[in-house]
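A short worksheet on the structure shown next.
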Amino acid sequence: MISRADTVGVFQVESRAQMAMLPRLMPRCYYDLVIEVAIIRPGPIQGDMVHPYLRTS
Numbered sequence: 744m745i746s747r748a749d750t751v752g753v754f755q756v757e758s759r760a761q762m763a764m765l766p767r768l769m770p771r772c773y774y775d776l777v778i779e780v781a782i783i784r785p786g787p788i789q790g791d792m793v794h795p796y797l798r799t800s
């Protein structure tokens, strides 16, 4: 459900930005989901931390 971005109504992962990132990251465990939620925030986005993380994962 989550890796397919079928998350409408799921707190923290129902925004368009979160739903767009879920299929790219394919979270497999709770820790992956925590990282995904944390990285799609204004601070990491403005600090240019999203693309380096995507390149390493």
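In this note's numbering, the protein residues as written are 744 to 800.
The beta-carbon is built from N, C-alpha and C at its ideal position, and this holds for glycine as well.
On a predicted model such as this, the values are computed, not experimentally measured, just so you know.
Exercise. Using DSSP with H/G/I as helix, E/B as strand and the rest coil, what is Pro-770?
Worked result: coil
Exercise. Straight-line CA distance for Met-769 to Met-792?
Worked result: 18 angstroms
For this session: Take the Cβ of Ile-783 as the centre, count every other Cβ of all protein chains shown within 10 Å, and call the residue buried at 16 or more, exposed below.
Result: Its Cβ being crowded by 16 or more others within 10 Å, Ile-783 is buried.
For this session: Return the residue from the list Val-751, Arg-767, Ser-746 and Val-756 that minimises the CA-CA distance to Thr-799.
Result: Arg-767
Exercise. Using the rule of at least 16 other Cβ atoms within 10 Å of the residue's Cβ for burial, across every protein chain shown, is Val-756 buried or exposed?
Worked result: buried
Exercise. In chain order, which continuous runs of the alpha helix (DSSP H) of length 4 or greater are located wholly inside the stretch 744–799?
Worked result: 759–768, 773–782, 785–789 and 793–799
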